[in-house]
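Working notes for the structure below.
Residue numbers (this note's numbering): 25 to 325.
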């Protein structure tokens with residue numbers, strides 16, 4: 025089950041955002057390379073919004089956008105080697121409104137924020153299903169939020185069932201490294217490297233007389249999904265649209281277990297030092313107000 029459309033105020037940082045979900049296609053290259061964004065008809069450049077791009081940022085054109093293309097249906101590589109996903113369709117439209125040329129770089133998720141923060145950054149921004157967290161913001165990253173999604177547990181058909189975080193105790197859980205799901209799994213054991221929803225110093229597992237969670241962290245979501253399918257992990261934990269999509273890809277093998285929890289926003293990640301937030305925010309607002317979000321939604325069928 026996909027998230028429903030949740031209209032809310034477009035915002036920066038941690039505030040809830042306008043929620044969308046769609047499955048558009050975007051032809052790009054993958055495996056760490058870059059490629060121009062090429063897709064369906066684009067919105068026209070808006071000179072008043074383009075004028076908001078700081079002069080120093082403008083010199084970085086063509087803009088490289090970092091994205092971890094292992095997070096289907098948001099951003100991923102299909103069987104033909106194309107990067108597809110609604111998140112990158114949004115990225116393309118933002119670039120069009122800003123009147124700039126952009127390319128997508130397929131970058132390991134854990135490497136994106138350090139790359140954005142480099143003195144001379146290779147990547148101007150990232151569309152990669154990022155959840156704003158306190159630690160990410162404290163590092164110098166701003167987020168322009170545009171979507172909301174819950175977390176869902178994945179289980180094998182015929183395997184154990186999970187309906188609450190307490191039931192992770194004593195089990196292995198496959199997550200992508202650097203995600204809020206990884207953070208929340210450690211947070212439930214009183215450890216929280218990423219600042220997700222589950223915080224505190226209490227190990228809920230040992231406090232209940234249970235074994236700790238065996239957190240299996242993988243470089244990509246694709247690897248985490250494979251670990252669950254192979255039986256290496258008892259459960260998977262991912263954003264709701266990602267979990268739903270995996271169930272569709274593996275009918276009769278995977279299922280959603282329990283109800284979604286911990287609703288988070290997604291945000292475009294950009295280094296605070298660039299002063300680029302307002303231009304991105306206004307571009308997304310333009311897309312919302314002029315029906316381009318609706319076009320992305322309609323592509324889901």
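Ideal Cβ placement from N, Cα and C applies to all residues, glycine included. Remember, predicted model here, so these are calculated numbers, not experimental data.
Along the chain, where does the beta strand (DSSP E) that runs through residue 253 open and close?
It is not in any beta strand (DSSP E) - residue 253 instead sits in the alpha helix (DSSP H) that spans 245 to 254.
To which residues of the same chain is residue 236 closer than 6 Å at the C-beta, ignoring the five residues directly before and after it?
213 and 229
Closest residue to residue 140 among 95, 308, 102 and 165 (Cα-Cα distance):
165
Could you have a look at residue 6 and say whether DSSP puts it in helix, strand or coil?
Shown here, the chain extends from 25 to 325; a query on residue 6 therefore has no answer.
Name the one or two DSSP bridge partners that residue 196 has.
238
Residue closest to residue 192, alpha-carbon to alpha-carbon, out of 96, 205, 200 and 201:
205
Confirm, please, whether the CB-CB distance from residue 73 to residue 121 is below 9 Å.
Contact: yes.
Delimiting residues of the alpha helix (DSSP H) encompassing residue 286:
Note, residue 286: premise wrong, no alpha helix (DSSP H); beta strand (DSSP E) at 278 to 295.
Is DSSP giving residue 274 helix, strand or coil here?
coil
Under the three-state reduction of DSSP, which class applies to residue 190: helix, strand or coil?
helix
Quick check on residue 128: does DSSP put it in helix, strand or coil?
strand
Who are the Cβ neighbours of residue 155 in its own chain at under 6 Å, not counting the five residues just before and after it?
Non-local beta-carbon contacts of residue 155 in its own chain, meaning distances under 6 Å to residues more than five positions away in sequence, involve 204 and 288 in chain order.
Assign residue 182 to buried or exposed, taking buried as 16 or more other Cβ atoms, counted over all protein chains shown, within 10 Å of its Cβ.
exposed
Run through the DSSP bridge pairs and tell me what residue 101 is partnered with.
107
DSSP beta-bridge partners for residue 94?
The bridge partners DSSP lists for residue 94 are 100.
Where the beta strand (DSSP E) through residue 300 begins and ends
Note, residue 300: premise wrong, no beta strand (DSSP E); not H, not E.
Residue 286 versus residue 161 - alpha carbon distance:
Between the alpha carbons of residue 286 and residue 161 lies a gap of roughly 19 Å.
Answer yes if the region 300 to 309 comes into contact with the region 66 to 80, meaning at least three C-beta pairs across the two stretches below 8 Å, and no otherwise.
yes
Drop a sphere of 10 angstroms on the beta-carbon of residue 97, count the other beta-carbons inside from all chains shown, and report buried for 16 or more, exposed for fewer.
buried
With the cut-off set at 9 Å, would you say residue 173 and residue 196 are in Cβ contact?
No, the Cβ-Cβ distance between residue 173 and residue 196 is not below 9 Å.
Going by the beta-carbon positions, is the gap between residue 168 and residue 320 smaller than 9 Å?
no
Out of curiosity, what's the CA-to-CA distance linking residue 93 and residue 131?
Between residue 93 and residue 131, the C-alpha separation is close to 7 Å.
Where the alpha helix (DSSP H) through residue 211 begins and ends:
Unbroken alpha helix (DSSP H) run through residue 211: 204 to 212.
For residue 178, write down the residues that DSSP places opposite it in a beta bridge.
260 and 280
So the candidates are 231, 276 and 179; which of them puts its Cα closest to the Cα of residue 256?
The residue from 231, 276 and 179 with its alpha-carbon nearest to that of residue 256 is 179.
Going by DSSP, which residues form a beta bridge with residue 133?
Its beta-bridge partners do not exist; DSSP assigns none.
Per DSSP, which one or two residues make a beta bridge with residue 339?
Outside the shown range of the chain (25 to 325) lies residue 339, about which nothing can therefore be said.
DSSP state of residue 116, grouped into three classes?
Looking at residue 116 - three-state DSSP - the assignment turns out to be helix.
Based on Cα-Cα distance, which residue from 282, 252, 291 and 316 lies nearest to residue 274?
252
In terms of DSSP beta bridges, what is residue 77 paired with?
Residue 77 is not bridged to any residue.
Going by C-alpha to C-alpha distance, which of 291, 118, 200 and 143 sits closest to residue 317?
Comparing Cα-Cα distances from residue 317 to each of 291, 118, 200 and 143, the minimum goes to 118.
Sort out for me which residues DSSP pairs residue 88 with in a bridge.
Paired residues: 127.
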